[in-house]
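Data block below; observations after.
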Amino acid sequence: MNNFSYKNFYSYIQKKPSQFAIKFKLFLSLHEFTSNKKINKNKEKRVQKLMQKKGKLYKNMGHKLHIGRNRSKMLILIETAAGYGLFKVENSKLMESDVKDIEKCFRNAEEARKNVSLYSFSKFKKFQKAFDETNKLMESKLGKGLKKFLKKNIVKPKLNETLALCDKTLGGLIKKKYNINVTYTNSTQEIIRGIRTHLYGLLVGVKEEDAKLLKLSLSHSLNRFKLKFSADKVDVMIIQAVGLLEDLDKEINVFSMRLKEWYGWHFPELGKVITDNKIYAKCVKLIGFRSNAKNVNLLEETTEEIQREIKQLAEISMGTEIEDDDLNCINELADRLLELTEYRESLAIYLKYRMSSIAPNLTYLVGDLIGAKLIAKAGSLMSLAKYPSSTLQILGSEKALFRALKTKSKTPKYGLIYHATLVGQTTPKLKGKISRSLAAKLSLCTRVDALGNFSEPSIAITCKTILEKRLEYITNSMQKKMNNSKNSNSQLQMQVKHSKYNPNQSNDDQNRNNNNNNAFNKKKDFRFNKREADWNNKKFIKKQKRK
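First residue of the sequence shown? That's 10 in my numbering, and the numbers climb one at a time after it.
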């Protein structure tokens with residue numbers, strides 16, 4: 010085996026290419042190739058040409074020609090705030106071992122150095138570069154710095170080692186672009202976790218204190234960037250506020266119903282006089298026992314007429330008597346109801362100001378509550394701007410839409426837009442038309458709000474005037490059609506003249522008079538003057554027989 014030279018190997022490959030794989034392994038084990046001596050470039054080129062000819066055999070082997078280097082089986086990419094690091098797995102048994110065994114290998118920094126060693130590390134020169142690279146990594150994209158790092162350390166040296174990563178999608182991009190073998194397993198993730206625990210013990214030229222400060226500043230700047238990107242237009246706050254407002258409405262309704270039922274046992278007539286929940290709770294707090302209704306002044310909450318009526322009803326009330334403990338519980342419930350109503354009012358004011366600052370055109374057209382509900386339904390203002398007007402029209406009526414598609418019936422014409430003032434002003438027949446035109450203008454306004462920086466609703470004002478003109482035109486045209494139909498019906502009724510029976514007139518003259526008059530039946534669609542001509546027609550006779 011020691012007498013096995015390069016020339017003999019080259020001639021052996023030409024004679025017996027089928028046993029190339031076995032002899033190639035023997036060839037790599039020779040002293041000529043394992044030594045640090047440089048090989049003749051012409052000889053290397055000849056071997057590479059031969060490898061191209063024997064391509065099929067080369068693919069079956071699953072190896073590339075790497076001469077004069079001892080290589081590890083795996084490289085691990087670690088992304089840090091300081092830069093990119095590429096680590097080499099020294100222990101080959103580490104990949105085959107379980108997760109618990111890998112944890113034991115990374116107990117200390119010394120044990121970590123035995124199993125893993127630093128292959129290369131590129132430090133970020135500027136903070137802006139570190140910010141850009143981490144932002145790209147968070148989006149699972151390849152940054153410029155990472156591309157250069159991979160080209161320099163893996164692509165140009167033509168390394169054949171597999172690369173382990175934390176991000177699966179990023180690994181797919183690297184494999185697609187650079188044709189590098191990428192792995193993502195539980196064992197590799199555990200190795201990466203072990204490297205990160207003892208990272209500053211493995212890195213060279215990076216202090217732990219400086220790296221922590223850099224990490225903190227980078228996290229602050231990234232969060233600030235996120236808020237600028239998505240919450241300059243703080244639509245997330247609107248979504249949460251609208252959801253809370255709807256929940257508060259439900260809670261207030263439940264509390265008010267419970268209070269009316271509870272206090273109704275003592276004074277049931279009060280609920281018929283006062284319908285507002287807030288005023289009812291205040292009256293309950295002021296009156297207490299119904300016997301005190303005479304002495305209580307309710308002018309701040311109600312008018313004089315209502316106060317007189319309450320005092321009269323308190324004297325002849327049909328309610329039962331209650332004790333002090335019962336009244337205390339009722340007063341506590343009234344306090345909770347008043348607190349909820351006050352908080353609901355403050356939240357509504359907050360939502361109004363927030364909507365006017367984020368989406369002024371949308372709020373001007375539809376209102377703050379409906380606009381906020383549309384944003385919440387879409388997910389964000391940007392996603393609402395991406396919707397077409399047809400989708401925006403039926404947004405909020407998904408159940409009715411899917412039910413209609415399932416039963417093959419008519420689809421809904423409007424969703425949340427139905428509660429808008431423009432749609433509410435119209436008649437039921439015209440609501441579909443005006444909702445379609447309103448949805449078209451709403452989609453235009455949302456796109457301006459999402460992509461523009463307008464503080465005033467300049468576009469919404471023009472859109473509203475156009476919609477009002479459209480509404481007038483539709484209503485006028487509808488009235489004209491109704492008037493024309495009424496006039497035509499009256500003319501038809503005037504034309505119908507039944508000739509009176511004249512005993513002196515003959516039957517022929519009577520029939521002639523009937524045919525001359527434009528007589529109609531009950532349906533008003535049959536003319537008797539064309540009766541003779543129709544009876545001569547054969548098709549008409551067949552139709553009459555079928556009837």
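A virtual CB, placed ideally from N, CA and C, is assigned to each residue, including glycine.
All of these numbers come straight from a predicted model, not from anything done at the bench.
What are the start and end residues of the beta strand (DSSP E) that includes F130? In the DSSP annotation of this structure, the continuous segment of the beta strand (DSSP E) that includes F130 starts and ends at 125-132.
Going by C-alpha to C-alpha distance, which of E112, K184, S366, T194 sits closest to G461? Ranking E112, K184, S366, T194 by Cα distance to G461 puts S366 first.
Which residue or residues does DSSP assign as beta-bridge partners of L179? Paired residues: none, contrary to the question.
Since A173 sits in a beta bridge, which residues does DSSP pair it with? DSSP lists I85, T192 as partners of A173.
On a CA-only basis, which of Y423, K450, S452, L347 is nearest K438? Give me that one, please. The shortest C-alpha separation from K438 is found at Y423.
Proximity to T436 [Cα-Cα], best of E142, S126, L322, N485: Its Cα nearest to that of T436, the residue N485 stands out among E142, S126, L322, N485.
Alpha carbon to alpha carbon, what distance is there between D344 and D335? When only Cα atoms are considered, D335 and D344 end up about 14 Å apart.
Can you tell me the Cβ-Cβ gap for L254 and L356, rounded? I've got them flagged as a contact below 8 Å. Their Cβ separation, rounded to whole angstroms, is 6 Å, which keeps L254 and L356 in contact under 8 Å.
Distance check for K97 and L212, CA to CA, integer angstroms please. Approximately 13 Å, taken between the alpha carbons.
Take every Cβ of the segment 131-141, pair it with every Cβ of the segment 151-166, and state whether three or more of those distances are shorter than 8 Å. Remark: three or more beta-carbon pairs, one from each stretch, lie closer than 8 Å, so the segment 131-141 and the segment 151-166 are flagged as touching.
Beta-carbon proximity of E465 to P369, cut-off 8 Å: Cβ atoms of E465 and P369: closer than 8 Å.
Could you check whether L227 and L172 sit closer than 8 Å to each other, using their CB atoms as the reference points? Cβ atoms of L172 and L227: not closer than 8 Å.
Taking contact to mean 3 or more Cβ pairs, one atom from each stretch, closer than 8 Å, check whether the segment 190-210 and the segment 103-117 are in contact. Yes: at least three Cβ pairs fall under 8 Å.
Looking at the structure shown, is Y152 part of a helix, part of a strand, or coil, going by DSSP? Rather than Tyr, the amino acid found at residue 152 in this sequence is Gly. Three-state result, G152: coil.
Do the CB positions of A381 and I163 come within less than 8 Å of each other? Contact annotation: A381 and I163 have beta-carbon atoms that are not nearer than 8 Å.
Measure the C-alpha to C-alpha separation of S265 and S399 and round it to an integer number of angstroms. Straight across, the Cα-Cα distance linking S265 with S399 is about 39 Å.
Out of R412, V125, A118, state which residue places its alpha-carbon closest to the alpha-carbon of G94. Residue nearest to G94 within the set R412, V125, A118 is V125 (criterion: CA-CA distance).
Give the secondary structure of G632 by DSSP, where H, G and I count as helix, E and B as strand, and everything else as coil. In this structure the chain extends from 10 to 556, so residue 632 is not present and cannot be described.
Hey, would you say V293 sits closer than 8 Å to Y272, going by beta carbons? Cβ atoms of V293 and Y272: closer than 8 Å.
Look at the alpha carbon of R205 and the alpha carbon of A250, and state the distance between them as a whole number of angstroms. A straight-line Cα-Cα distance of about 40 Å links R205 and A250.
Would you call the CB atoms of S326 and E278 closer than 8 Å? Their beta carbons are under 8 Å apart, which means S326 touches E278 by this criterion.
Which residues does DSSP list as the beta-bridge partners of K97? For K97, DSSP records a beta bridge to L84, S126.
Inter-residue Cα distance where the pair is V375 and N144: If you draw a straight line from the Cα of V375 to the Cα of N144, it comes to about 37 Å.
Neighbour-count burial assignment, M147, 16 or more Cβ in a 10 Å radius: A residue is called buried once 16 or more other Cβ atoms fall within 10 Å of its Cβ, and M147, having fewer, is exposed.
Compare the beta carbon distance of R445 and A394 with 8 Å and say whether it is the shorter of the two. Against a cut-off of 8 Å, the Cβ pair of A394 and R445 comes out as no contact.
Counterpart residues of G92 in DSSP-defined beta bridges: In DSSP, G92 forms a bridge with K132.
Kindly indicate which three-state DSSP category W271 falls into: helix, strand or coil? Residue state, collapsed to three classes: helix.
Quick one, which of L390, G181, Y396, G203 has its alpha-carbon nearest A565's? In the structure displayed, the chain extends from 10 to 556; residue 565 sits before or after that span and is not available.
Where does I483 sit, in a helix, a strand or coil, going by DSSP? I483 falls in the helix class under three-state DSSP.
Please classify V191 as buried or exposed, where buried requires at least 16 neighbouring CB atoms within 10 angstroms. With at least 16 other beta carbons inside 10 angstroms of its own, V191 counts as buried.
DSSP on D333, reduced to helix/strand/coil? Assignment of D333 by DSSP, reduced to helix, strand and coil, places it in the helix class.
For R116, the three-state DSSP class (helix, strand or coil): Per DSSP, reduced to three states, the secondary structure at R116 is coil, with no helix or strand assignment.
In chain order, what residues of the same chain have a beta carbon less than 6 Å from the beta carbon of N286, not counting five sequence neighbours either side? Within the same chain, N286 has close Cβ partners S265.
Between which two residues does the alpha helix (DSSP H) containing F411 stretch? Taken as a continuous stretch (DSSP letters only), the alpha helix (DSSP H) holding F411 covers 407-416.
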